[in-house]
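Peer 1: Protein chains in written order, with full-length UniProt numbering: chain A, 1 to 322; chain P, 1 to 322; chain R, 1 to 322; chain X, 1 to 322.
4 protein chains.
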Amino acid sequence: MKKIKTAIIGAAGYTGGELLRLLVHHTACELMYVHSNSQKGKKVTAVHPDLIGDTELEFTDEVQTEGIDAVFLGLPHGQTKGFLEKHPFPAHTVIIDLSTDFRDESHGFVYGLPEVNKTKIQGAKKIANPGCFATGIQLSLAPAIAKNWVKETAHISGITGSTGAGKALSETTHFSYRTNNMSVYKLFTHQHLKEIKQTFGQINPDFGQELLFVPYRGNFSRGIWITAYFPFEGELQEAVQAYKEFYQNAPFTWVSEADIDLKQAVNTNKCILHLKKEKGQLVIYAAIDNLLKGASGQAVQNFNLAFGLEENMGLNLKSIAF
Amino acid sequence: MKKIKTAIIGAAGYTGGELLRLLVHHTACELMYVHSNSQKGKKVTAVHPDLIGDTELEFTDEVQTEGIDAVFLGLPHGQTKGFLEKHPFPAHTVIIDLSTDFRDESHGFVYGLPEVNKTKIQGAKKIANPGCFATGIQLSLAPAIAKNWVKETAHISGITGSTGAGKALSETTHFSYRTNNMSVYKLFTHQHLKEIKQTFGQINPDFGQELLFVPYRGNFSRGIWITAYFPFEGELQEAVQAYKEFYQNAPFTWVSEADIDLKQAVNTNKCILHLKKEKGQLVIYAAIDNLLKGASGQAVQNFNLAFGLEENMGLNLKSIAF
Amino acid sequence: MKKIKTAIIGAAGYTGGELLRLLVHHTACELMYVHSNSQKGKKVTAVHPDLIGDTELEFTDEVQTEGIDAVFLGLPHGQTKGFLEKHPFPAHTVIIDLSTDFRDESHGFVYGLPEVNKTKIQGAKKIANPGCFATGIQLSLAPAIAKNWVKETAHISGITGSTGAGKALSETTHFSYRTNNMSVYKLFTHQHLKEIKQTFGQINPDFGQELLFVPYRGNFSRGIWITAYFPFEGELQEAVQAYKEFYQNAPFTWVSEADIDLKQAVNTNKCILHLKKEKGQLVIYAAIDNLLKGASGQAVQNFNLAFGLEENMGLNLKSIAF
Amino acid sequence: MKKIKTAIIGAAGYTGGELLRLLVHHTACELMYVHSNSQKGKKVTAVHPDLIGDTELEFTDEVQTEGIDAVFLGLPHGQTKGFLEKHPFPAHTVIIDLSTDFRDESHGFVYGLPEVNKTKIQGAKKIANPGCFATGIQLSLAPAIAKNWVKETAHISGITGSTGAGKALSETTHFSYRTNNMSVYKLFTHQHLKEIKQTFGQINPDFGQELLFVPYRGNFSRGIWITAYFPFEGELQEAVQAYKEFYQNAPFTWVSEADIDLKQAVNTNKCILHLKKEKGQLVIYAAIDNLLKGASGQAVQNFNLAFGLEENMGLNLKSIAF
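Right under this line is the structure:
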């Protein structure tokens with residue numbers, strides 16, 4: 001099989017590192033170069049030392065656009081548009097952007113949530129990869145939105161691991177602060193609500209309810225937990241059935257009949273869901289890995305779809321489990 | 001000053017241990033005996049080894065009722081009533097029960113939440129110490145209930161440390177499971193809702209709203225975080241003012257103008273609150289230590305009140321901070 | 001390709017679970033049955049819920065010996081011998097035992113440390129898989145033993161994650177105890193020293209030095225860190241060269257020129273080494289995942305070798321990294 | 001009682017914060033001002049928010065030297081000498097410096113390790129407070145040094161919490177890096193070895209053995225664990241007796257007959273020791289809180305001694321325990 005010539009732009013950060021960890025063992029992918037302005041000339045293993053033995057690549061700060069079949073963009077939010085203007089890739093190159101810049105589906109980008117947009121992604125050349133909280137919340141509620149069950153405010157609490165804040169040092173990611181601690185940030189105003197509402201409006205044009213989302217900083221490095229609920233008059237089994245049907249062709253999103261916990265999904269590309277009916281509410285739990293299903297794993301899933309590969313190619317990951 | 005002759009029943013568990021840590025240095029208290037059926041004959045330091053150098057006491061399984069001014073009961077839920085029938089203490093003995101058994105204020109017990117019931121506690125001989133989540137949630141909402149501001153369902157998420165589950169081994173407190181993990185339990189049905197609604201009904205007989213409470217198991221040992229909200233038409237400053245007035249005589253409950261995090265309260269008897277107004281909701285964060293303000297610290301606070309001591313005697317604790 | 005018909009005995013524990021996580025995606029392996037006395041009749045995903053979507057298998061308590069090409073034994077230490085007497089597998093079946101029972105190479109078992117015994121393993125039908133600390137310590141010192149450099153007592157400290165203590169509940173794996181804590185156990189007397197000395201004696205019959213090993217319980221779930229040192233008169237570069245040569249055909253054991261940390265190896269089958277020369281000592285750091293290179297990953301590596309497969313088949317695992 | 005007029009210089013960091021947490025409740029101490037160049041004009045509670053309700057002080061960048069009975073210096077290492085030259089305090093002011101600058105006992109400073117130097121500290125006006133690892137290691141070995149038992153190289157491994165690295169952000173204190181991780185730094189060359197050897201030479205002029213010390217970065221915020229050993233021909237009980245005698249007047253340093261773990265000492269001013277005899281070695285474990293007995297707690301202990309107060313005044317701290 002002829003391999004897909006692939007590049008990663010902005011490969012020194014956490015999501016770039018996860019892309020590397022996935023792509024060095026992806027049998028359909030040939031990594032042509034990995035780009036980083038800050039780390040140019042260094043070996044990849046100097047920055048991602050766990051990759052020892054897996055790659056001899058070095059970072060470059062040069063951007064080659066010709067002869068590239070696929071490029072992943074892991075630039076800071078707001079820099080992608082300028083980058084693509086400066087470095088126009090050929091029309092046949094599949095561009096998968098992990099930033100927020102094109103999640104509004106401007107400039108011909110498709111929103112890369114395969115559970116909702118699989119057909120569009122399969123034919124796309126430009127894919128905007130969803131945010132981490134956005135992925136967890138959309139997968140929690142999308143089947144209910146599709147059924148038009150959410151007719152009042154939905155209440156959501158979510159807890160994210162520290163890697164969601166990236167590699168840059170900050171007070172709230174200082175170990176002595178973060179360990180054993182909890183706090184809330186961006187109360188009801190998290191920026192991912194925008195892309196969530198866009199998707200829900202596409203699924204169901206009648207949807208217009210408020211989403212009150214409390215995002216917590218968690219005392220762990222990886223993973224996102226979502227609890228979402230809204231008033232629901234139906235039976236639990238009806239809801240479980242609807243969710244299973246909605247995700248019947250989704251190879252990573254599963255409805256668990258048993259109660260779940262976060263680590264079931266950590267270090268995998270899965271989204272594991274569990275539903276409950278209590279006090280007149282339909283309650284959905286979701287567990288994902290924020291760097292995988294919430295970022296780089298989903299990006300590779302979109303890459304697979306865009307190139308007509310098996311959707312789970314290179315993504316049968318062993319969970320951390322414990 | 002003549003010291004208060006004090007006993008602890010069920011002193012081998014986590015709340016019993018915290019009582020010991022507080023009372024060995026409480027200058028008005030003389031520990032007469034510490035009781036444990038399971039550990040009788042052992043030195044206290046064999047079970048609570050951090051107390052090395054602080055006490056030479058041994059556990060006993062004998063219950064002396066005469067000559068005891070104050071007794072703390074740290075028995076498993078459901079065992080206190082039988083214990084007191086078998087071991088009747090004199091009428092003058094102050095009984096402080098940390099179990100759920102008398103939180104319904106039956107049998108002459110007063111519900112020991114000083115911020116609400118200080119006057120009753122000052123004259124009480126029988127005090128039922130509140131639950132940990134109950135303390136955090138009540139302190140989050142009591143001023144709003146008093147103002148009759150909660151006119152629709154209030155939404156609450158809370159995260160508890162593992163010590164809330166006690167010393168007994170269980171699958172959800174196994175380190176390999178719990179570390180880096182999150183999960184929900186007793187969704188909307190936590191047993192503390194009963195005592196919370198009782199208090200709110202006492203504060204405001206008109207109150208009858210639903211409380212939808214999502215309790216999380218957190219990946220830390222100590223502390224409870226509460227986020228509570230409900231629709232509110234007033235201004236934030238009005239609410240802050242009302243909360244400060246409500247707690248003006250409370251030496252441990254503080255309204256922070258700045259954003260807060262959990263560890264500010266850990267290893268202290270404080271409840272630290274912060275208020276926000278966003279999307280038409282009044283949102284309250286609360287941070288407590290589940291074993292102190294949520295259990296043994298509040299028990300000592302009640303002890304101080306019952307004996308007319310300074311309310312914060314022996315409770316000026318250094319926070320863990322980091 | 002005809003698949004290797006494989007069974008797992010004792011598949012409900014941590015090492016059994018890791019075997020399952022590896023083998024469900026191992027393209028040369030067909031899982032015939034997974035055995036557990038305690039969980040018989042349950043779905044595998046009821047016990048290892050992170051495997052949702054990966055397997056529909058159920059645990060059985062029946063042991064089929066015919067038609068099985070390979071069997072992994074994950075029984076408690078001391079039970080394997082009796083099990084094999086009761087359930088004799090045909091002579092052609094490859095038996096890979098993860099317990100300590102045959103690590104003395106009795107009953108025709110080969111000690112399954114590929115970096116030392118690869119040739120023997122390639123022809124073996126009975127393989128005794130090394131212990132976790134044993135793997136880390138042997139890989140730290142084997143090249144130096146081979147060179148006869150260790151001529152005085154070697155000093156070793158090692159820190160293990162909690163999963164080394166297994167799934168059974170215990171006081172030292174209670175979350176409220178273990179989190180933020182450190183302690184030492186089996187000081188200088190850890191049972192793995194026996195198999196370590198056996199290997200070192202095979203590598204170098206002149207070796208007879210004492211190994212003083214301080215094993216720590218670490219505040220994390222996965223991983224083993226080893227620091228080992230002994231007086232060394234040579235140059236660092238000489239040692240680095242010797243280690244690289246010793247491991248030149250080892251696909252998982254790498255000598256890093258840069259300093260290392262534990263998480264580089266966690267959730268992989270790698271052993272990452274780093275050498276220093278300081279104060280006249282050669283110092284070796286090693287990082288492995290106790291459940292993978294220290295148990296189930298190495299077992300699959302042995303499986304690959306025994307069946308003439310690529311040594312790293314099914315073992316190109318994505319590290320947790322963060 | 002007339003209170004001791006006290007100032008803290010450099011009070012915005014971790015050790016400064018711990019001094020504040022201790023001194024706001026120290027009944028013999030009156031805090032005159034707290035100094036910080038970086039935080040001047042801010043309320044103390046803006047930087048140490050857990051102190052809400054405990055102090056209304058604000059940071060100042062002015063240094064008042066007159067009328068100050070005691071000053072604690074928490075400046076970065078290397079800045080104290082210049083500071084004192086610029087701001088000469090009167091001869092009667094007790095100066096307690098937490099930096100490394102005067103631990104060599106230059107300029108009239110006494111090394112403030114009360115277990116060794118109590119008499120000198122009681123008469124001192126200038127006290128150099130020991131380092132955190134230095135405290136743990138010295139208390140582990142001092143009685144053996146005094147007995148002249150250490151006649152060969154002593155081997156030491158130690159694990160420190162992240163707060164030892166202070167408040168400044170760094171890659172090795174980034175939560176996503178540090179959590180679940182282990183690594184070694186400053187192998188055999190930690191700067192505290194200098195003050196340790198100085199003390200040991202004072203205790204026993206014949207002492208001149210090498211100390212091989214492996215310092216680990218631990219996956220927790222507070223605490224230092226030390227394991228130290230050397231060949232010893234005597235009986236364990238002889239050693240235990242010697243240690244108990246050496247520490248008989250030390251109110252915070254205890255020899256536990258039972259095995260110990262780190263958290264027994266965390267958030268207290270205690271040093272808890274345990275001794276073992278194994279493989280011909282005397283092995284000593286020590287547990288301290290790096291910020292308390294290893295820094296600010298010991299500074300207050302020195303303050304108490306210098307002013308003739310009870311040595312444990314304000315230092316009967318509740319351990320975190322869990």
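We put the beta carbon where it would ideally sit given N, CA and C, even for glycine. Just so we're clear, the structure is a prediction, and the values are computed from it rather than from any experiment.
(1) Buried or exposed, going by whether 16 or more other CB atoms sit within 10 Å of the CB of residue 375/A?
(2) At a cut of 8 Å, does the region 221-237 of chain X reach the region 278-288 of chain X through at least three beta carbon pairs?
(3) With DSSP as the reference, please indicate the residues paired to Phe72/X in a beta bridge.
(4) Spatial neighbours of Lys147/A within its chain, please: C-beta separation below 7 Å, excluding the five flanking residues on both sides.
(5) Looking at C-alpha atoms only, which residue of Ala46/R, Asn117/R, Pro49/R and Phe220/R is the closest neighbour of Gln301/R?
(6) How about Trp254/X: is its C-beta nearer than 8 Å to some C-beta of chain P?
(7) Taking contact to mean 3 or more Cβ pairs, one atom from each stretch, closer than 8 Å, check whether the region 266-274 of chain X and the region 284-294 of chain X are in contact.
(8) Only counting the same chain, and skipping five residues up and downstream in sequence, which positions put a Cβ closer than 6 Å to that of Leu19/A?
(9) Since I believe Thr45/A is in contact with Val24/A (beta carbons under 8 Å), could you give me their beta-carbon distance rounded to a whole number of angstroms?
(10) Would you verify that the beta carbon of Gly131/R is, or is not, closer than 8 Å to some beta carbon of chain A?
(11) Provide the residue span of the beta strand (DSSP E) that contains Val214/P, from first to last.
(12) Please name the residues in the region 259-272 of chain A whose beta-carbon is closer than 8 Å to at least one beta-carbon of chain P, in chain order.
(13) Rounded to the nearest angstrom, what separates Asn312/A and Asp50/P at their Cα positions?
(14) So which of Asn37/R, Leu141/R, Leu187/R and Glu171/R has the shortest CA-CA distance to Tyr216/R?
(15) Any beta carbon from chain R within less than 8 Å of Ser38/P's own beta carbon?
(16) Check the Cβ of Gly208/A against every Cβ in chain R and list those closer than 7 Å, keeping chain order.
(17) Note down, in chain order, every chain A residue with its Cβ under 7 Å from the Cβ of Leu317/R.
(18) Would you say Ser162/R faces chain P, with C-beta separation under 8 Å as the test?
(19) Please classify Asn249/A: is it buried, with 16 or more other beta-carbons within 10 angstroms of its beta-carbon, or exposed?
(20) Using the beta-carbon of each residue, which ones in chain A are nearer than 8 Å to Phe175/R?
(21) Which word fits Gln264/X, buried or exposed, when buried means at least 16 other C-beta atoms lie within 10 angstroms of its C-beta?
(22) Leaving aside the five residues before and after Lys5/A along the sequence, list all residues of the same chain whose C-beta is less than 8 Å from its C-beta, in chain order.
(23) Ser256/R and Ile52/A: beta carbons closer than 8 Å?
(24) Select from Lys167/P, Gln202/P and Asn181/P the residue whose C-alpha is nearest the C-alpha of Tyr177/R.
(25) Would you check if the distance between the CB atom of Glu105/A and the CB atom of Ala142/A is smaller than 8 Å?
(26) By a C-beta neighbour count over all protein chains shown, 10 Å radius and 16 as the cutoff for buried, is Pro88/R buried or exposed?
(27) So the candidates are Leu305/P, Gly158/P, Gly208/P and Ala11/P; which of them puts its Cα closest to the Cα of Lys40/P?
(28) Going straight from the alpha carbon of Glu85/R to that of Thr160/P, what length do you get?
(29) Which residues, in chain order, does the UniProt domain "Semialdehyde dehydrogenase NAD-binding" (5-124) of chain P contribute to contact with chain X at a C-beta distance below 9 Å?
(30) Would you call the CB atoms of residue 323/P and Ala128/P closer than 8 Å?
(31) Name the two residues that bound the continuous beta strand (DSSP E) containing Leu273/R.
(32) Go ahead and pull the three-state DSSP assignment for Glu310/X.
(33) From His26/R to Glu310/R, what does the alpha carbon distance come to, in whole angstroms?
(34) Take the Cβ of Pro130/A as the centre, count every other Cβ of all protein chains shown within 10 Å, and call the residue buried at 16 or more, exposed below.
(35) Taking the continuous alpha helix (DSSP H) assigned at Phe200/X, which residues delimit it?
(36) Is DSSP giving Gly136/X helix, strand or coil here?
Peer 2: According to the structure shown:
(1) Residue 375/A falls outside the range modelled here, since chain A spans only 1 to 322, and no answer is possible.
(2) yes
(3) Ile8/X and Ile96/X
(4) Ala242
(5) Asn117/R
(6) yes
(7) yes
(8) Ile8, Phe72 and Ser296
(9) Rounded, the Cβ-Cβ distance is 11 Å, inconsistent with contact.
(10) no
(11) Leu211 to Arg217
(12) Asp259, Ile260, Asp261, Leu262, Lys263 and Val266
(13) 52 Å
(14) Leu187/R
(15) no
(16) Ordered by position in chain R, no residue passes the 7 Å Cβ test against Gly208/A, which lies about 34 Å from the chain.
(17) Lys318
(18) yes
(19) exposed
(20) Those within 8 Å of Phe175/R in chain A number zero; the least Cβ separation is about 12 Å.
(21) buried
(22) Glu30, Met32, Gly67, Ile68, Asp69 and Ala70
(23) yes
(24) Lys167/P
(25) no
(26) exposed
(27) Ala11/P
(28) 49 Å
(29) Tyr14, Gly17, Glu18, Arg21, Leu22, Val24, His25, Thr45, Ala46, His48, Pro49, Asp50, Leu51, Ile52, Gly53 and Asp54
(30) Only positions 1 to 322 of chain P appear in the structure, and residue 323/P is not among them; the question remains open.
(31) Cys271 to Glu278
(32) coil
(33) 12 Å
(34) buried
(35) His192 to Ile203
(36) helix
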